[in-house]
Ligand SMILES: Cc1cc2nc3c(=O)[nH]c(=O)nc-3n(C[C@H](O)[C@H](O)[C@H](O)COP(=O)(O)OP(=O)(O)OC[C@H]3O[C@@H](n4cnc5c(N)ncnc54)[C@H](O)[C@@H]3O)c2cc1C
C-alpha cells in the first residue's frame with residue numbers, strides 16, 4: 044500500500060509538497076482552512092475587477108535556473124507562459140524629480156547620472172554590483188544540508204560574483220546604503236522598495252533578478268497561477284480538502300500520526316507536513332515545547348527579526364492613466380497608530396487586461412506596515428477598525444490625487460485591507476507577507492523543518508528560510524518530500 048502524506052495548509056508550500064509527494068509515488072491529502080487554496084498567493088474580485096494581491100515579481104522565470112524547473116514541475120509556469128510587459132522595476136518621485144530603476148541597467152545608469160552627476164561613482168558601483176548580483180539564484184535541486192562537495196563547487200561557480208556583493212553590501216542596511224548618495228531623490232530611490240533595516244545586498248539581488256530576466260509577472264496574476272498548481276495536484280490524483288481547518292497535530296509517543304480538524308474529525312497518515320505560518324504552528328497546532336531556541340529567539344526579538352505587511356487600498360481607474368507600473372512618492376503625513384508615514388506607493392495593474400473591464404484598470408496603493416503597526420490594528424474594536432480604515436482610505440485617495448491630479452473624481456474604491464486581513468485569512472504572524480526580514484548582523488533563519496522530539500513530522504512553507512517569499516515556499520514543499528525519501532533511503536532526485 045502507498046504511504047499517505049497528510050499536508051496542513053494549501054498555500055504554495057503545501058501544494059508543492061503535495062505535488063512532489065505524488066511524484067514520489069505517495070498518496071497526498073491537503074487540508075486547507077479557506078474555501079480556496081493559495082494562501083497568500085491570492086487575488087479576489089470586486090465590482091467586476093480583479094485585485095491581484097501577491098506577485099510583484101516571481102523569481103525563477105529564467106528557464107536555465109533550477110527554480111524554473113520546480114515552478115514548471117508544480118504547473119505554475121511553462122515555456123509558453125506570457126509575462127507582463129513591464130520595463131521598470133519601479134520609480135521614485137521626490138521634490139518633483141523622478142528617478143527610475145529600469146530593467147535595462149545601462150539606461151538606469153545613464154539616467155541616474157544625469158539626475159545627479161556628483162553621485163556618478165556611487166551609481167556606477169551600484170550598477171556594477173547589481174550586475175554581479177544577477178548571478179544570485181536560489182538553489183532548488185535539494186536542501187543545502189543534503190548537498191555534496193560537487194554541488195557546493197557548482198553553486199560557487201554559478202554564483203562566483205556574489206561574494207563581492209556580500210562583501211560590499213552585506214554589512215550595511217539600506218539606510219546606510221542610501222546615505223552614500225548625495226542626491227535626495229536617489230536616497231529615496233534606494234530606500235523606497237524594501238524596509239530600511241533590510242541588508243543592502245537583498246535590494247541589489249531583487250533588482251538583479253529583474254534585470255537578468257529571472258523575475259517576471261505571469262499574466263493572469265497570482266490566483267491564476269495558484270489555480271494552475273491546484274489543477275496539477277488534482278490531475279495527479281491529489282486530494283484537496285477546503286474549508287477544513289486543522290486544530291492540532293496528533294502525536295503519540297513522539298511520532299506524528301495525523302491531524303485533528305476543528306470539526307473534531309481525525310485524519311491519520313504515515314507522514315505529516317505542516318505548511319502553515321510558523322508562529323501558528325508552534326502556538327496552536329503543535330505546542331511551544333517543540334519550538335527550538337532558534338525560533339524562540341527570532342520571535343522574541345522584533346527588532347532583529349521584524350516582519351512586514353501593508354495597509355492597502357484598490358481602485359478602479361480609467362486605463363489611460365499615464366502613471367505606469369510602481370511609483371513611490373511623498374504624501375502629507377498619514378498617521379497610523381502612533382506612527383506617521385510620509386511615503387506611499389501606487390501600483391498600476393493596467394499591464395494585465397484581464398483584471399478590469401475594457402477601458403478600466405486597477406490601481407493599488409500600499410503603506411508598509413511592521414510589527415508595531417500590527418499591534419495597533421489588533422488593539423482596535425470592530426467599529427474603530429472599520430472607521431480607521433475609512434478615514435485612512437480618504438487620506439490616501441487625497442494623497443494620490445495631490446500627486447496625480449488627473450485622477451480627481453476618477454477613482455472608484457474597490458477594497459481596503461490591513462495586516463489583520465492576512466491574520467484572518469492565512470493565520471499569518473503579525474500579518475506578515477513573507478518571513479523574517481534579513482537585518483544586518485542577524486543570523487538568517489534557516490531550518491531543516493524536522494524535529495528532534497517528534498518523528499514523521501516536517502515543516503514546509505516560506506518560514507523555513509528567511510526572507511521567505513514564493514520561491515522559498517515552492518522549494519520547501521519539494522525539500523520536505525526529499526527528506527522523507529532520504530529517510531527511506533530512496534533517491535532524492537525528483
Ligand atoms: C501583498 C503580498 C505581496 C507579495 N508579493 C510577493 C512577490 O512579489 N514575490 C514573492 O516571491 N512573494 C510575494 N509575497 C509572499 C508570498 O505570497 C508568500 O511567500 C507565499 O505565498 C507563502 O506561501 P506559504 O505556502 O509558505 O504560506 P501561506 O500562503 O500562508 O499558506 C499557508 C496556508 O495554510 C492555510 N492555513 C492556515 N491555518 C490553517 C489551519 N489551521 N488549517 C488548515 N489550513 C490552514 C492558510 O489558509 C494558507 O492557505 C507576497 C505576499 C503578499 C501578502
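Residue numbers (this note's numbering): 44 to 537. For each residue, glycine too, the CB sits at the ideal point set by N, CA and C. On a predicted model such as this, the values are computed, not experimentally measured, just so you know.
Query                                                                                                 : Result
Exposure of residue 199, with buried meaning 16 or more beta-carbon neighbours within 10 Å            : exposed
Per-residue burial, residue 355 [other beta carbons within 10 Å of its own, 16 or more giving buried] : buried
Distance, residue 326 Cα to residue 332 Cα                                                            : 9 Å
Residue 539 in three-state terms, based on DSSP                                                       : Given a span of 44 to 537 for the chain in the structure shown, any question on residue 539 remains unanswerable.
Boundaries of the beta strand (DSSP E) in which residue 374 is found, first to last residue           : 369-379
Simplified DSSP state of residue 465, which is helix, strand or coil                                  : helix
Beta-carbon spacing of residue 303, residue 286 below 7 Å                                             : no
Residue interval of the alpha helix (DSSP H) (run including residue 246)                              : 243-254
Where the beta strand (DSSP E) containing residue 98 begins and where it ends                         : No beta strand (DSSP E) contains residue 98, which DSSP labels as neither H nor E.
DSSP state of residue 81 mapped onto helix, strand, coil                                              : strand
Rounded straight-line distance, which links the Cα of residue 164 to that of residue 320              : 43 Å
Under 7 Å between C-beta atoms of residue 221 and residue 110                                         : no
Three-state class that DSSP yields for residue 502 in the structure shown                             : strand
Closer than 6 Å: residue 333 CB and nearest ligand 1 heavy atom                                       : no
heavy atom of ligand 1 below 6 Å from residue 288 C-beta                                              : yes
Simplified DSSP state of residue 386, which is helix, strand or coil                                  : strand
Simplified DSSP assignment, three categories, for residue 270                                         : helix
Rounded C-alpha distance that separates residue 406 from residue 96                                   : 12 Å
Cα-Cα separation, residue 231 to residue 137                                                          : 7 Å
With 16 other Cβ atoms within 10 Å as the buried cut-off, status of residue 487                       : exposed
Collapsed DSSP secondary structure at residue 508 in the structure displayed                          : strand
With 16 other Cβ atoms within 10 Å as the buried cut-off, status of residue 342                       : buried
Cβ-Cβ separation, residue 185 to residue 5 (assumed contact under 8 Å), whole Å                       : Only positions 44 to 537 of the chain appear in this structure, which leaves residue 5 out of reach.
Opening and closing residue of the alpha helix (DSSP H) in which residue 64 lies                      : 55-66
Cα-Cα separation between residue 374 and residue 447, rounded to whole angstroms                      : 12 Å
Beta strand (DSSP E) segment containing residue 292, residue limits                                   : 289-295
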